[in-house]
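Written below as structure tokens is the structure these notes are about.
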Amino acid sequence: MSVIDVEHLTKRFGKVLAVDDVSFALQPGTITGFLGPNGAGKTTTLRMIVDLVQPTRGTARVLGGRYRDLARPWTRVGALLDASGFHPGRSGRNALRVVARSSGIPDERVEQALELVELTAAAKRAVKGYSTGMRQRLALGCVLLGDPEVLLLDEPGNGLDPEGIRWLRTFLRGRAAEGKTVLVSSHVLAEVEQTVDDVLIISKGKLVAQGPIGQLAGGASPVVRCRSPQAGRLHELLAGRGAAVNRLDEALAIRGPSAADVGQLALDNGIVLHELLTEQPSLEDLFLQIAGTRRAGQ
Amino acid sequence: MIDLLKAEVLKVRSTRTALGLLIAALLIAILPTVLAVLLIPKEDLVQTEGDLIAVLGVMPAASLVPILCLVFGILSMTNEYRHGTISYTYLTAPRRGQVIVVKLVVCAVIGAAVMLVTGLLALVTATIGTEARGLDLGIKAAEVTDWEMVRDVALVLLTTGLATAFGVALGALIRHQVVSVAGTLIWALAVENIIAGLKPTVGQWLPFTAFLQVVVNAEEAETVAGVPALSSLEAFGVSVAYIAVASVAAVYITMRRDVT
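Going line by line, the protein sequences match chains A and B.
For what it's worth, the working numbering labels the leading residue of the first sequence as -19, then goes sequentially.
For what it's worth, the working numbering labels the leading residue of the second sequence as 191, then goes sequentially.
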């Protein structure tokens, strides 16, 4: 059974179609990256899953039912949707206690969550004195209060320093190892690339790709990079053969032909190459390729 | 519901808004009493000796504290939107109607408690002040247990609680804090008075005029509001009707609104 089941989810805000017929299902114990540029519809989709936003059409089911029908939902689903969602005058500890009390979670669990996100020392301080990274960690602590089996995290890396990002990766892997299901949205692709099993890519409200990360990356064409003092001449030749080429001074990034094809073309035309290599596409390449295709198709 | 009640009480306790309300209410209630006791010539006080309890002890608290409590009610709801805590509130309790009902109840109790504390303190201040000047405030044991007096005090406390709850409902309907607070105060302190001045028969039925007619007794209301006054019980009934309508509208609209 799917942990999260989204079918034909659509949301229109006046004239703006924020989410357009999005469908996906998440299996237990997986980490899924929900990727897309700012304004693509990630947050709106997540908010529809947890009933904060009413869909114009379609349904979202969590653990077999609607979020609002879950008993003590915060102990089943943890959602980080807005790290600034704390009263600035309330202490970090009390901010968590408020959430814990409304879910019937004991105060001891608040102390454990503060410990886990390394905020025990700052727990007495008012949230207004927290840095962005501390607020983000407080929000993560809040999500962990009920030890939920499903985590929905909207841009959890925002405001975290490199050490924090690494901590987040370890944290997410740890949750998946415990059999929990994680849906993590981000527009910083490198942030989730090393963490996720599957990806959902959304652009302009539409889901444009989904599947295991290896499978999607395998479907993207590799990039051939080369450097040549005659880069302009090589660019013309490659473009004439229908290759997609980006040039910066002596460096070329080529999509279409293989490295062998590029090397042969350079040899046949007496062009000197200083560097020639094939680069496997990253998630970022894949995303840009898909987003670019959509843009070109519009 | 119990979990929500506990969370709501902690929300109130863990910020300075409620404490600020109490301090402001105490100042507003006691300051006029202290100034009146100190500055009004004794012969003028003697002339109003029969009404001293109303003039010095109860009036300032009874007429100003409900307005403060109303603003507190608005803040307790609009702060949730302003600071984004509403997301966590509805994530932990997705049945939004229950959240609003609990907030209405908790704020109503706080409003009534603040009125009780400030009223008592104002009365004590007035008693001490008048006795120091050789006057009798006129409180007799028999009057304290008199049914009408008990009823009037109960109505004042209830109405202040309901005014606070009315603020919660208004805050849920108009989520923008500045618009909500400023709009309500302008309506309560200016627009209703203008309407009451131009059309007294209409003015007495308006919400804040109705509240006022409960918290000061009917005779005083005629002076304060400048309109033919409803009796305390009639005004209380009108107040309850307004609050019921506003609360139902708040629940209905909150359940359908997106939290973005």
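Every residue gets a Cβ at the ideal spot worked out from N, C-alpha and C, and that includes glycine.
| query | result |
| --- | --- |
| One question on the structure: do B:Ser422 and B:Leu306 come within less than 8 Å of each other, judged by their Cβ atoms? | no |
| For A:Gly58 versus A:Leu163, is the C-beta spacing smaller than 8 Å? | no |
| Hey, could you find the ends of the alpha helix (DSSP H) B:Phe426 is sitting in? | 422 to 446 |
| Beta strand (DSSP E) containing A:His(-12): first to last residue? | -16 to -7 |
| Tell me which same chain residues have a C-beta within less than 7 Å of the C-beta of B:Met191, skipping the five on either side of it? | Gln288, Val292 |
| Straight-line CA distance for A:Ala20 to A:His167? | 9 Å |
| Between the Cα of A:Trp147 and those of A:Val252, A:Glu129, A:Gln174, spot the shortest distance and give me the residue it belongs to. | A:Gln174 |
| Going along the chain, which unbroken runs of the beta strand (DSSP E) with 3 or more residues stay wholly within the segment 19 to 68 of chain A? | 37 to 42, 57 to 60 |
| Compute the Euclidean distance between the alpha carbons of B:Thr320 and B:Val227, then round it to the nearest angstrom. | 7 Å |
| From A:Gln278 to A:Gly236, what does the alpha carbon distance come to, in whole angstroms? | Note on A:Gln278: pLDDT 47, under 50, position unreliable in the model; no value is reported. |
| For chain B, find out if any of its Cβ atoms is closer than 8 Å to the Cβ of A:Gly243; answer yes or no. | no |
| Under 8 Å, with one C-beta from each stretch per pair, do the segment 266 to 284 of chain B and the segment 357 to 373 of chain B reach the 3-pair mark? | yes |
| Could you tell me how far apart the beta carbons of A:Arg70 and B:Ser204 are, in whole angstroms, since I believe they sit closer than 8 Å? | 5 Å |
| Is there contact here, the segment -17 to -8 of chain A with the segment 96 to 112 of chain A, by at least three beta-carbon pairs under 8 Å? | no |
| Keeping to the same chain, check which residues put their C-beta closer than 7 Å to that of B:Thr444; ignore five residues upstream and five downstream. | Arg286, Ile290, Ala362 |
| From B:Glu409 to B:Ala419, what does the alpha carbon distance come to, in whole angstroms? | In this prediction, B:Glu409 scores a pLDDT of 48, lower than 50, which makes its location untrustworthy; no coordinate-derived value is stated. |
| CA-CA distance, A:Ser208 and A:Ala189? | 35 Å |
| Starting from A:Glu255, trace the beta strand (DSSP E) both ways and give me its first and last residue. | 255 to 259 |
| Could you tell me which chain B residues have their CB closer than 9 Å to the CB of A:Ser165, listed as they occur along the chain? | Within chain B, no residue comes near A:Ser165; the closest Cβ sits about 15 Å away, beyond 9 Å. |
| If you measure from the beta carbon of B:Arg365 to each beta carbon in chain A, is any gap under 8 Å? | no |
| Checking contacts by CB at 8 Å: is A:His67 closer than that to chain B? | yes |
| Given a limit of 7 Å on CB to CB distance, which residues of the segment 75 to 95 of chain A reach chain B? | Arg77, Val78, Val79, Arg81, Ser82, Ser83, Gly84 |
| Helix, strand or coil: how does DSSP classify A:Gly139 here? | coil |
| My guess is that A:Val245 and A:Leu217 are in contact by the Cβ rule of under 8 Å, so how many angstroms apart are they, rounded? | According to the sequence shown, residue 245 of chain A is Leu rather than Val. Indeed, because the Cβ distance is near 6 Å, the residues count as touching under 8 Å. |
| In three-state DSSP terms, what is B:Thr315? | helix |
| Specify the secondary structure class of A:Asn249 as computed by DSSP and reduced to three states. | coil |
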